[in-house]
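In my numbering, the protein residues as written are 2 to 331.
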């Protein structure tokens, strides 16, 4: 497979996790606070102290894993601010299963400093919502992986775990991916900052297979604010623009597949009034495919790194920058 060209430099963190979804999220918070480049800080938080919830501006109440509690009313949440870009990320515990959580992204860093409490999140007028994410982490052994561009504009997060409900090989498998990204080559009518949030998940077909399909019970999408409207986007390719849902390289049918692998992902809006090209995702490419699984095309060498130092990795349909780490565990 041809090696793509990076537009950004990246920092990676990989932390072993053996516990609940709360532990995955608590670990994620610590990874973001401890970034060497463009670290995050706490804007506000709410955590459980054993009898009630504490909340305040500028205080980290996610001190221990036990501080993270979900519920239908009061629940734990935290808002983090990127120290370089000013963008903010809200992570909230869910109202049901311990594996539920919420992600909201404010590219302009507009989360309020007042008006919040244990049952009410801070608000931001430019928020991009990924809604509830079911299946984040879980109670089995795995890893919490984070990669961020060193300029702080692109953040990609995903957990891996041994999921006994679907996998029986004793190895961690990715349970999803969520990213908050800077868009390249966006049209001028799209307001600045041109950011998108996206989630995609594992189809649980016996091995790791990240797609733009479903993550748990939720349909995964790419979302942005285009001219102030909360808009859904789809990833395609500059080779065949009509493929709004993605176009990969099939080794069995395409001519010169090696030359066409690692094609950049472009974004299209399809909602009425906002249709058309919306730019290209940063350092994210379609991968090469070969063979099939049950009549559908199978990812080529899923989870395998390539490049001189393991600089890239293919996960399902997609190729990402990487640092040579054994994605699915040692």
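The beta carbon of each residue, even a glycine, is placed where N, CA and C say it ideally should be.
Every value quoted in this text rests on a predicted model; they were computed, and no experiment measured them.
Alpha-carbon to alpha-carbon, residue j and residue i
i, j, result
"residue 279", "residue 191", "8 angstroms"
"residue 307", "residue 35", "28 angstroms"
"residue 126", "residue 89", "12 angstroms"
"residue 24", "residue 184", "31 angstroms"
"residue 101", "residue 10", "32 angstroms"
"residue 315", "residue 51", "43 angstroms"
"residue 115", "residue 123", "7 angstroms"
"residue 312", "residue 54", "43 angstroms"
"residue 266", "residue 156", "16 angstroms"
"residue 71", "residue 6", "42 angstroms"
"residue 87", "residue 282", "20 angstroms"
"residue 56", "residue 118", "6 angstroms"
"residue 144", "residue 309", "24 angstroms"
"residue 1", "residue 162", "The structure shown does not extend to residue 1, since the chain spans only 2 to 331, so no value can be given for it."
"residue 44", "residue 150", "21 angstroms"
"residue 15", "residue 270", "34 angstroms"
"residue 223", "residue 234", "5 angstroms"
"residue 199", "residue 22", "20 angstroms"
"residue 95", "residue 226", "24 angstroms"
"residue 325", "residue 13", "10 angstroms"
"residue 109", "residue 129", "11 angstroms"
"residue 229", "residue 195", "11 angstroms"
"residue 18", "residue 74", "28 angstroms"
"residue 104", "residue 27", "14 angstroms"
Beta-carbon separation (whole angstroms), residue i vs residue j, contact threshold 8 angstroms
i, j, result
"residue 91", "residue 42", "Going by Cβ atoms, the distance from residue 91 to residue 42 rounds to 14 angstroms, so no, they are not a contact pair."
"residue 393", "residue 29", "Only positions 2 to 331 of the chain appear in this structure, which leaves residue 393 out of reach."
"residue 46", "residue 62", "4 angstroms"
Range of the contiguous alpha helix (DSSP H) that encloses residue i
i, result
"residue 30", "22 to 34"
Buried versus exposed call for residue i [16 or more other C-beta atoms within 10 Å across all chains shown]
i, result
"residue 322", "buried"
"residue 231", "exposed"
"residue 121", "exposed"
"residue 179", "buried"
"residue 160", "buried"
"residue 65", "exposed"
"residue 186", "exposed"
"residue 67", "exposed"
"residue 277", "exposed"
"residue 154", "buried"
Unbroken beta strand (DSSP E) run spanning residue i, endpoints
i, result
"residue 155", "Looking at the DSSP string, residue 155 is not in any beta strand (DSSP E), and its letter there is neither H nor E."
"residue 265", "264 to 270"
"residue 14", "11 to 19"
"residue 150", "142 to 150"
"residue 53", "Per DSSP, residue 53 belongs to no beta strand (DSSP E) and is neither H nor E."
"residue 223", "223 to 227"
"residue 283", "277 to 287"
"residue 309", "Counting along the chain, residue 309 falls outside any beta strand (DSSP E), and DSSP gives it neither H nor E."
Residue-chain proximity (residue i, chain C), Cβ-Cβ < 7 angstroms
i, result
"residue 104", "In the structure shown, chain C cannot be found, because there is only a single protein chain."
Counting only runs of 3+ residues fully inside the stretch 56 to 132, write out the beta strand (DSSP E) ranges in chain order. With a minimum length of 3 residues, the continuous beta strand (DSSP E) runs that stay inside the stretch 56 to 132 are 78 to 83, 89 to 94 and 102 to 107.
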